[in-house]
Ligand code: NAD
Ligand code: ZN
């Protein structure tokens, strides 16, 4: 680690120690070290696939798009059920254990914050979750694990076993509105925090990416940990362009020493 990196890590640790209401805002980049590809980083999914197949309009109205969607999902190239949290998720969970965390606002749909130990009521899912699938006709819910088993058994496009209705993962597709309660709550928490830490987000997906801006408008300090620069870097108190796992582990090691 260079002395500059060490200096920046120390700076984020100091920000945490002197804060009491930390909002952590996470994107796909926090989960790449768990083996889930992001969308826009180098080698991200958009370098391989057309984002068009993920629009809600295509999913609902084009059977071929649905087939491609489920084929990709079933291939495990996205999120699969045996993925495990990495040190960055555990560091965020530790922020909750030491009483610093107000909440995690996540764009991710992988469930890894809860798997790492964050309580469900501390995690706001702006883009839904991949763990559940809902029938749009009768409203029944199924676990994604169950649907994956159907796909592994040879079903190309799963539909509702009860009513043959269209099954849709409980995630926010492109072109679909964000969940109202979660969006309002995330804004309120962001405006009222004293420190916002962005981890692994390109900050280009709106309105999710407004959250760190609300934090700044509310007078909070801002730290950004992302491999690549973001448009919000000039407004941040600290930016670290490194991997989330090693950076968050190093930060928490200092925090632990200072507060214990
Ligand atoms: P993004 O793909 O737009 O950006 C990810 C950012 O993380 C990139 O700038 C990249 O440089 C950075 N990054 C990658 N690996 C990193 C690492 N190890 N440490 C630090 N930074 C790293 O992601 P986004 O901003 O979350 O927007 C993408 C959308 O796609 C989100 O809305 C999300 O719902 C969805 N998505 C979710 C998952 C998931 O649940 N894990 C995965 C892919 C996409
Ligand atoms: Zn049904």
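Numbering (the working numbering), first residue to last: 9 to 268.
C-beta atoms are modelled at their ideal positions from N, C-alpha and C, and glycine is treated no differently.
Here residue 118 really is in contact with residue 39; their C-beta atoms are around 5 Å apart, less than 8 Å.
With 16 or more other CB atoms across the displayed protein chains lying within 10 angstroms of its CB, residue 30 is buried.
Counting only runs of 3+ residues, the beta strand (DSSP E) found wholly inside the region 192-254 occupies 203-207, 229-233, 246-248, in chain order.
Ranked by Cα distance from residue 184, the options 155, 169, 216, 170 are led by 216. For the pair residue 106 and residue 142, the Cα-to-Cα distance works out to about 36 Å.
In summary, residue 66 is buried, with 16 or more beta-carbon neighbours lying within 10 Å of its beta-carbon over all protein chains present. The beta carbon of residue 69 is closer than 6 Å to none in its chain, skipping five residues each way along the sequence. Apart from sequence neighbours up to five positions away, the residues of its chain that approach residue 160 with a beta-carbon distance below 8 Å are 82, ordered along the chain. Here DSSP, grouped into helix, strand and coil, assigns residue 27 to coil. Residue 114 and residue 59 have their C-alpha atoms roughly 20 Å apart. By the beta-carbon neighbour count (other beta carbons within 10 angstroms, threshold 16), residue 189 is exposed. For residue 179, the uninterrupted beta strand (DSSP E) segment begins and ends at 175-179. Spanning the alpha carbons of residue 236 and residue 50 requires a straight line of approximately 10 Å.
For residue 236, the shortest separation between its Cβ and any heavy atom of ligand 1 lies below 8 Å.
When the five nearest sequence neighbours on each side are left out, the beta carbons in the same chain lying within less than 7 Å of the beta carbon of residue 224 are those of 230, 243, in order along the chain. When only Cα atoms are considered, residue 207 and residue 110 end up about 15 Å apart. Look at residue 264: its beta carbon is at least 8 Å from all of the heavy atoms in ligand 2.
As the crow flies, the alpha-carbon of residue 259 is around 7 Å from that of residue 20. Following the DSSP letters along the chain, one finds residue 165 in no beta strand (DSSP E), marked with neither H nor E. A direct Cα-to-Cα measurement between residue 172 and residue 148 gives close to 11 Å. Counting along the chain, no alpha helix (DSSP H) covers residue 110; the unbroken beta strand (DSSP E) around it starts and ends at 109-114.
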